[in-house]
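Heads up, the thing below is written out as structure tokens.
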Amino acid sequence: MRLPRRVPWANIGELDQLCSWIFADEGDLEAKQFALSRLSAWRAITALPHALESTLSILTARLLDTSETTQNYPRLSLRQNYAAAIIRMVNGLVDPLQAGAYARSIASIAAQLGLPSWLVELRHAATHEDLPSLEMLREAARESLTWLLHNYFYPTINPSAPRLNTPTPLRPVTPLLKHYKTLLKLIMRDASLRKQYQPDVDAVLRDIERWLAEAKVAADFAADAYGWDTAIDSNDIEQEDPRERWALERLCDAIVEKGALVSLSQKRRNSQSDEFVPPQSSLVLWTPLLAHIQAYHPTFPTILTTQIVDSLLYERLSTGFDMDVVSFDVEDSQNDPSYHLALARWAAWVVRTYDNGQENGELSLRKNVIVLLASALAPGKTEGVKEFKILATLLEAVSSGFPELQKASEMLLSASYPLPLQQWDAGDLTVMNERLHSLMSFGDDSQEHMDDSDALATTSLPVSDRQTGGWTLLDNQSCWKSCPIGIYHSSR
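Take any residue in the sequence shown, count from 1 to its spot, add 113: that is its number in this note's numbering.
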């Protein structure tokens, strides 16, 4: 569970007032001094978000540049103050998004954030080359404050307001998976080509990691924030990054599509092994990719198995692994049970491979899958489950080898397994009547020992209730209606 986010302002009105002091009047130096004092007071109370820290640095440089008492201030010092403020702002926006296994260019990250490219170039020049001119640095400070106004202050003060900047669309990951699949198939057909194509395989794996980094930035846009409200505490290493989870979910959506983990050919989906595992050819093809992702993203197995179980429970929106358009794959999924069976085998394999028996967060990988399946297979909830047998087989495979989990799974399945509707015929009525006569023969001996009160109670019953003429098969024309046990149904 995420902890509440601590902010320096007591209410959103204080942030709105700070925003008006900074941006309402460009020439009102007194208002900007108020804003500088307010930001300094907030920083003494708690750590400021990077946006406010950058605003404080830029404001300090601008007030130092416009103050009457500092007219004789060295121009070099002013240029250094401006440059340091801009460098810290750009680095603070880009560096948290460089957490992937492979570094991305600052320009590509800035483009996703909508940060002007010339600010990135100015940051590079101020860091590695000669300091830019004072006029250019002043313009960069104004541009930086304008960017912060539209991308931090406005969304924070009024989250429902639309943004001016539109995010760069996230490129699809399916072409990368197709390229990886093509390369691995070449190596599988001729092992002597492994050395030749291994650099290309490594390049594809790096591209997938870079795609995940891009997706983490896109997750900020999906959450309508640049990470201001979803910042992760660096001291809490166990806290899950919601941006990484969002990115991994998008990757898993593409992995579980037909043509990826599960082959398009139904013949290749069948496993020759008696165990509940994917075909050996599919394991050789996709294990390197899954192992690579899991090495850099420990939560990947949990997210992948969750997505697979969701695919078995609900109809998926096909993203088109081998199609150019998005379409609902409902009818195709209903007529292709081998696809769901293959997905279930992959879920069982992932659990056996990556579950180390230790708790990951609240639940381990194995227990997480069992909880998902148990919630769908619980008594009274199996009516809408179309893949009940596959889910039941997956539950048995995941709980196998663990006596307590296996016993609980057997009890659950025995209580929720859908029984087929039984059709009664004349032969069944004959058996029921024989049993009834056997019971009545024992009841004849007990009549002699009935006391007067019992006899009176018996004779007071209606004649129709005292007659036992045997069992009768009711048809649709009868007045009988089903009702819960213990409820009297009136014939009216």
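Note that beta-carbon positions come from the ideal geometry of N, C-alpha and C, so glycine has one too.
In this text, all values refer to a predicted model and were calculated from it rather than measured experimentally.
Counting only runs of 4+ residues, the alpha helix (DSSP H) found wholly inside the stretch 241 to 317 occupies 247 to 261, 267 to 270 and 287 to 302, in chain order.
Per DSSP, residue 363 is one residue of the alpha helix (DSSP H) stretching across 355 to 368. Between the stretch 259 to 267 and the stretch 361 to 376, the count of Cβ pairs shorter than 8 Å is below three; the stretches do not touch. Residue 235 sits close to residue 245, with the two beta carbons spaced by under 8 Å. Comparing alpha-carbon positions, the option among 287, 149, 250 and 283 lying closest to residue 222 turns out to be 283.
Bounds of any alpha helix (DSSP H) do not take in residue 139, whose DSSP letter is neither H nor E.
Within 10 angstroms of the beta-carbon of residue 425 lie 16 or more other beta-carbons, which makes it buried.
Setting aside the 5 residues that flank it on each side, residue 152 is surrounded in the same chain by 131, 161, 165, 168, 169 and 172, each with a C-beta closer than 8 Å to its C-beta; the list follows chain order.
When only Cα atoms are considered, residue 249 and residue 326 end up about 32 Å apart. The beta carbons of residue 407 and residue 452 sit no closer together than 8 Å. Remark: C-beta atoms of residue 361 and residue 321 do not approach each other more closely than 8 Å.
Residue 174 is a Cβ neighbour of residue 254, given a cutoff of 8 Å.
Distance from the CA atom of residue 125 to the CA atom of residue 270, rounded to whole angstroms, is 6 Å.
Unbroken alpha helix (DSSP H) stretches of 4 residues or longer found wholly inside the stretch 200 to 241: 219 to 226 and 230 to 241, given in chain order.
Each residue's CA atom was taken as its position, placing residue 301 and residue 396 some 11 Å apart. Buried is the label assigned to residue 202, since at least 16 other Cβ atoms lie within 10 Å of its Cβ.
Between the alpha carbons of residue 299 and residue 291 lies a distance of about 13 Å. Under the three-state reduction of DSSP output, residue 390 falls in the coil class, being neither helix nor strand. The beta carbons of residue 525 and residue 552 sit no closer together than 8 Å. From the listed residues 449, 354, 306 and 186, the smallest Cα separation to residue 328 is found for 354. Taking each of 502, 510, 513 and 585 in turn and checking the Cα distance to residue 545, the smallest one comes out for 585.
Per the coordinates, the alpha-carbon of residue 211 lies some 13 Å from the alpha-carbon of residue 356. Counting along the chain, residue 380 sits inside the alpha helix (DSSP H) bounded by residues 379 to 382.
The beta carbons of residue 461 and residue 510 sit closer together than 8 Å.
Cβ neighbours of residue 410 within its own chain (closer than 8 Å, five residues either side excluded): 325, 357 and 361. With 16 or more other Cβ atoms from the protein chains shown falling within 10 Å of its own Cβ, residue 192 counts as buried. Residue range 450 to 467 is occupied by the alpha helix (DSSP H) that includes residue 462. Residue 120 carries a coil assignment under DSSP once its states are collapsed to helix, strand and coil.
The alpha-carbon of residue 306 is positioned some 13 Å away from that of residue 295. One alpha carbon belongs to residue 129, the other to residue 224, and they sit about 28 Å apart. Distances from the CA of residue 135 to each of 190, 127 and 148 were compared; the closest alpha carbon is that of 148. Cβ neighbours of residue 178 within its own chain (closer than 6 Å, five residues either side excluded): 191. Between residue 518 and residue 512 a beta carbon distance of about 4 Å is seen, short of the 8 Å cut, so the two are scored as contacting. Around the CB of residue 293, 16 or more other CB atoms lie within 10 Å, so the residue is classed as buried. Unbroken alpha helix (DSSP H) stretches of 4 residues or longer found wholly inside the stretch 145 to 176: none. Considering only 507, 315 and 372, the residue with the shortest C-alpha distance to residue 402 is 315.
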